[in-house]
Structure formats: structure tokens, C-alpha cells
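For reference, each letter of the sequence shown is one residue, going 4 to 168 in the working numbering. Note that CB positions come from ideal geometry on N, CA and C, so glycine has one too.
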Amino acid sequence: FDSEAMGDVPKRLLLKALEALWAQSEGEGRPMGPMIHPDAFRDSCVCSVYERGSNGPRLTRRWPSLVDFLIEEDKLEADGLIYVGGRPKEPNDVEHLMRALMEQARGATNIITVKPGVVIAYERNHATNEELRANGIRVKEWDDSYLDMLGGPHCSTSPLWRDAA
4 FDSEAMGDVP KRLLLKALEA LWAQSEGEGR PMGPMIHPDA FRDSCVCSVY
54 ERGSNGPRLT RRWPSLVDFL IEEDKLEADG LIYVGGRPKE PNDVEHLMRA
104 LMEQARGATN IITVKPGVVI AYERNHATNE ELRANGIRVK EWDDSYLDML
154 GGPHCSTSPL WRDAA
């Protein structure tokens with residue numbers, strides 16, 4: 004965001020402009036390709052575990068990703084993961100990364116669970132909402148006009164009852 008050409012454009016407006024440009028290009032059949040080559044991400048998610056040795060850290064194990072490490076350590080269940088932007092098609096999927104970053108910027112994780120299996124989410128995050136539905140979760144969608152860029156369904160809620168502290 005630091006640029007002499009865009010110095011006077013507020014960051015929030017610049018993000019909206021980039022989002023609109025991306026949506027317009029995609030909508031008119033001119034897909035925007037990745038600006039970063041996928042090889043740049045080949046080892047970006049590798050998770051390495053080191054142990055303290057007498058001569059400094061010593062590499063003991065390596066996983067393709069932090070998620071793989073957490074699954075092997077029984078900290079996560081593989082079938083319980085729901086990805087922002089949908090499930091990646093391949094490791095270090097740059098197109099998924101672009102979609103996930105865009106949907107994250109548009110509040111894809113700002114959802115609220117209203118009861119088991121039912122959430123309220125922004126309707127604009129299509130890939131994330133479809134991934135939720137594919138995992139058996141009913142998604143009630145809010146229009147973009149609700150608290151746009153100021154929060155979302157989760158940010159706009161308060162509990163009806165609180166336990167005494």
C-alpha cells in the first residue's frame with residue numbers, strides 16, 4: 004500500500020477499488036491470473052520442528068504444512084477443517100490463496116453460529132459459504148449493506164444472557 008502513485012488513496016478505498024477491478028474483470032470473462040508464480044509458494048507452508056541441541060536447534064521433523072502437523076499430533080481432525088475460500092485443489096494453490104485473501108478481506112470469517120449447524124454470514128463470500136454448506140452447515144446470508152467494512156454478523160451480536168464471572 005505504500006506507493007507514491009497511490010499515496011493519497013486511503014487503504015480501505017484502495018482495497019475496494021482492487022476488489023471491484025478483480026470482480027469486473029472476472030465477470031467480463033477476463034480472468035486475472037496470479038501475479039506471483041506458484042513456485043514462490045512451494046515451501047511457504049512447510050512446518051519444521053526443532054529440538055534444542057547442545058550446538059543449537061536441531062531439525063527433527065518436517066511436514067508439508069502446519070495443518071498436517073496439527074492433524075498428526077491429534078490437535079485437529081482432518082474432516083473438521085473448513086477453509087476460507089473453499090478447499091484448495093492442490094498444495095500451495097495460488098488461485099485459492101488469492102480467493103481466500105479476497106474473501107478474508109470481505110469478512111468471510113466474521114460469522115455467528117445461531118444454533119448447531121446454522122450460521123449467519125455475508126452473502127458476498129460465495130466460496131466460503133459453499134464450503135460451509137458442503138460440510139452440512141446451513142448458511143443464512145446477510146446482504147452486503149449490513150455493517151459493510153465495519154464488522155459483520157459476529158461483530159454485531161451480544162449474548163442475551165451472560166454467566167456470572
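How would you write the range of the beta strand (DSSP E) that residue i sits in, first residue to last?
i	result
THR63	59-66
THR116	115-118
TYR86	Element bounds for TYR86: n/a, residue is neither H nor E.
VAL121	121-125
In terms of residues, what are the limits of the alpha helix (DSSP H) holding residue i?
i	result
ILE189	This structure does not reach residue 189, given that the chain is present from 4 up to 168, and the question cannot be answered.
VAL70	69-75
VAL97	97-108
Helix, strand or coil: which one does DSSP assign to residue i?
i	result
THR131	helix
PHE4	Confidence at PHE4 is low in this model, with a pLDDT of 45, below 50, so the placement of that residue is unreliable and no value is reported for it.
ALA111	coil
ARG165	coil
GLY56	strand
Given a cut-off of 8 Å, decide if residue j and residue i are closer than it, judged by their beta-carbon atoms.
i	j	result
GLU80	TRP66	no
TYR125	ARG109	yes
ASP71	CYS50	yes
VAL122	ILE114	yes
THR131	GLU106	yes
Kindly indicate which residue of the options has the alpha-carbon position closest to the one of residue i.
i	options	result
ILE140	LEU84, VAL52, PRO60	LEU84
LYS92	ARG64, ILE115, GLY120, GLU134	GLU134
THR112	GLU98, SER161, GLY88, MET101	GLY88
GLY155	TYR53, SER68, LYS143	LYS143
LEU62	SER68, LEU69, VAL52	VAL52
LEU100	CYS48, GLY59, TRP164	CYS48
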